[in-house]
Structure formats: C-alpha cells, structure tokens
Amino acid sequence: MSRPAPPPTSAIDWATLGFTERRVAGQVVCTWRDGAWGAPTWSSEPELKIHAAASCLNYGQQCFEGIKAFRTKAGSVHIFRPHANSARINLSARTASMPTIPQPLFLDALRKAVAGNLEFVPPYGPNASAGALYLRPLLIATGPSLILGPPKEFMFVVWCTPVGSLYGTGGALPAIDAFVLDTFDRSAPNGTGHTKLGGNYAPVFGPTAAAKAQGYPITLHLDSANHTHVDEFSTSNALALASKDGKQTLVVPESPSILRSVTKLSVCDLARRMGWTVERRPLAFDEVKRGDFVEFMAAGTAAGITPVRSISYNTKQPVRKATPSTNDPEADEQAWPEYEDAPDNEVKRIAFGDGKTAGENAVALWKELTSYQCGDLPDEFGWNWPKEGIVAEDAIRA
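Going by the UniProt record's numbering, the sequence shown opens with residue 1, and the numbers climb by one from there.
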C-alpha cells in the first residue's frame, strides 16, 4: 500500500507554476574519491564549492539527467521510471570518461532528494495538470586537472524544483510551431548526440532563441551528415503519426545522434497497448514534406508529449555572409559566421491536422501517459517508483 506524503507548501501559487528553478529545501550530494563513491549527504544550500581548475568548468566534463516525481490522488509521491535514467546517465558517464553511478546509489539519492523536498511536490491534478517535481541528477568532474584527462574527484548531485509545462501553463497541452535549423548541427554522426552531455545543449541556445523570436518555440534538427533525415528537436525527441484506414502508425526516428528518451520509450509502449503499429526507422524529411503524417509530436521529460501543429523550413539553404576583413587575421578567423536568406528562398509551412490545435491522437497519448504518471491508472508497467511511495522518513537526517 502506498504511503501518503506531507501536503504541498502553501507558499507557492500552484495555479501559476511555470518552468523555472525555485529555491527548495535542499539537495543531495555524493563525492567520488580514491576510486569509490561516498555516502549521500544533504545540503540546504543550492551553491556548490569547486576548484577553478575543475575539469567540468574547463573541459565540460559533465552530464545530467531529467526525471519527474508526481503526487497521486491518494497523496503518495512516486518517481517516474528512474531505472531507465540510471542506465542513461551511466552511458553518458562512460562517454565522458567519468565513473559510473551504481543503480542502488542513484535510486537512493533520488529518494532522499524527493523526501527532503516533499512540500515542493505539486498537488495532485488529473493528467498531472498541477505539475511535477523536476529532478536534475548532475555528474560533474570537480577535481582540478590541467592536462586533458579525467581528474581524481567527481561529484554527483541531485537538485530539484517544482515545474509546470515547458510550453504551456500548468498542465495545459498546447500545440506549437517548429522550425528546421539548417545553419547549425546539434551533433556529429559519431559524436555525443546519444548522450546527455551539457555540451550538446549550450551551443543550441543562440539558434533556438533566434527561432523563438520569429515565433517558433521549438526547433528541429535534421541529420548532420546530409540534412535529409529527422533527428530530434532541440529539447526532446520527435515522433510522427501516420493514419490510414483508421489504423495508426507511430514512426520513431532512428539515428546514432538521437538521445534515448525515457518518455519516448514510454509512449511506444502505450501506443502498442492502444493497438497502434510502432516503427523505429530512419525518417526522411521528404516524407514529412510529402504530407505522409497527420500528426507530429515532441516527447521528453520536460516537454512531456507536446503536439507540433506545424513545421516550417527554408526551401534554399541560407547563405553565409561575407565577413568584412578587419585586417586582423586572428580576429577574422574567430568571427562568428552569420547567415542570410538565399535570394530565391521561400519559408514553407507544413501543417498537421487543422494547423492550429492538438491532434486527437497526441491528446489520447498525453492523457494515457499522464494518467499513469499521477496514478490514475493501475501501474501495470511498474513505472512508478518506489511502489510504496516516498515519505519524510526517507530523508537524510542531520
């Protein structure tokens, strides 16, 4: 039987919860030294004290995860599919030459982080409409290292914050417009796109901000080698839905550069349960342009399931601007490339459904997924952990 947790704090207006960091009670910290992980400790301060020569600051040696904890109607609190995130953070750790985190330690740190912040888990709402506690497991190389090699000290941190919807308000399900980025590649074919390293995300801030200023909340990346196949969105995985003779087929793009989304894996299981066909294969962007799909979606921990009502793209590759010489070879070489539209370019918009609102199939998937996450459906998949729920007694005691 699930154990009820303390109620949410009254200090937060849960009806207007957005997607931003808030001060909570504290975070869990573990340190790796002498070839082994120490026991989890509790810190009430959000800041970390690390050496200026830390490899995470100088060489970007770090990775992270995104997980959510939900409050059920019965009042218990559970974390959604943390075992899958445990496997993924260790893939990222190995890629960046960092020590892996044993699954029991990973789960224990998550449990303790939630237990110490139970008052910041949003209240129950149907379809998780009131939000969730977003957990950010963070693995960083904190030891000083001037040479290009792993240091002798690492830190594993689990910090958290209550959040609503990434692209809407509270638990709303908006339909958004996307734009194809064709002047910036997220990841090389044999690079790190399949992992959750911070270096995959920071370079995208500029292009996505520029697209957002043009009215596109989300950006889509095609494969870096040829720009012919769908990889993923800047914030989440991409999913396409075809419908013929009343039968739905969910197409899941396959590429070595795509992050293995836990939400996407869950959606695939739910789609099969709903009687849909699931195809995991390379997805040519020409199929999208041809109108083969009736719906398109973004799927991720932060994004949840977000319907995409349109995808816009340039018909001609933007042209790199000629950079006027400053007569300073070093400055000229370091100038950031700027682009302008090709003379005969046209921005075309591919609309899905009515091009305005969320498609009915995306809504059905969203309702199904969120009903499992907040406990409104029996947990037949065993996704919500721990089964008995998390209570204050699970927290670290000073």
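Ideal Cβ placement from N, Cα and C applies to all residues, glycine included.
No experiment lies behind these values; they were computed from the predicted model shown.
Please report how far the alpha carbon of residue i lies from the alpha carbon of residue j, in whole angstroms.
i, j, result
"residue 160", "residue 101", "19 Å"
"residue 375", "residue 233", "29 Å"
"residue 254", "residue 110", "30 Å"
"residue 342", "residue 183", "12 Å"
"residue 319", "residue 285", "21 Å"
"residue 399", "residue 256", "Any property of residue 399 remains undetermined from this structure, which presents the chain solely from 1 to 398."
"residue 37", "residue 99", "9 Å"
"residue 227", "residue 40", "45 Å"
"residue 390", "residue 91", "27 Å"
"residue 377", "residue 73", "11 Å"
"residue 215", "residue 86", "36 Å"
"residue 11", "residue 125", "18 Å"
"residue 199", "residue 60", "7 Å"
"residue 187", "residue 62", "17 Å"
"residue 89", "residue 64", "7 Å"
"residue 392", "residue 117", "8 Å"
Inspect the beta-carbon positions of residue i and residue j and report whether they are closer than 8 Å.
i, j, result
"residue 250", "residue 221", "no"
"residue 177", "residue 217", "yes"
"residue 385", "residue 50", "no"
"residue 361", "residue 241", "yes"
"residue 175", "residue 356", "yes"
"residue 265", "residue 365", "no"
"residue 151", "residue 145", "yes"
"residue 19", "residue 166", "yes"
"residue 288", "residue 230", "yes"
"residue 127", "residue 370", "yes"
Just to confirm my understanding: we take residue i, look at its own chain, exclude 5 residues before and 5 after, and list those with CB closer than 7 Å. What are they?
i, result
"residue 348", "312, 313 and 315"
"residue 344", "316"
"residue 43", "26, 27 and 29"
"residue 300", "235, 236, 237, 261 and 263"
Got a sec? Which residues, its chain only, sit under 8 Å from residue i by beta carbon, not counting five neighbours each side?
i, result
"residue 121", "5, 8, 69, 70, 71, 77, 114, 132, 133 and 162"
"residue 351", "309 and 310"
"residue 225", "189"
Identify the residues that DSSP records as bridge partners of residue i: which are they?
i, result
"residue 229", "284"
"residue 385", "79"
"residue 307", "297"
"residue 348", "313"
"residue 136", "159"
"residue 220", "180 and 233"
"residue 32", "37 and 154"
"residue 144", "54"
With a cut-off of 8 Å on the beta carbons, I'd call residue i and residue j a contact; round off their distance for me.
i, j, result
"residue 140", "residue 56", "4 Å"
"residue 46", "residue 23", "7 Å"
"residue 267", "residue 305", "7 Å"
"residue 179", "residue 202", "The Cβ separation is near 19 Å, so there is no contact."
Ignore the nearest five residues each way along the sequence and tell me which others in residue i's own chain have a CB closer than 6 Å to its CB.
i, result
"residue 359", "295, 307 and 353"
"residue 208", "219 and 234"
"residue 97", "150"
Should residue i be counted as a contact of the ligand MN given a C-beta to heavy atom distance under 7 Å?
i, result
"residue 23", "In the structure shown, the ligand MN is absent, as is every other ligand, since no ligand is present at all."
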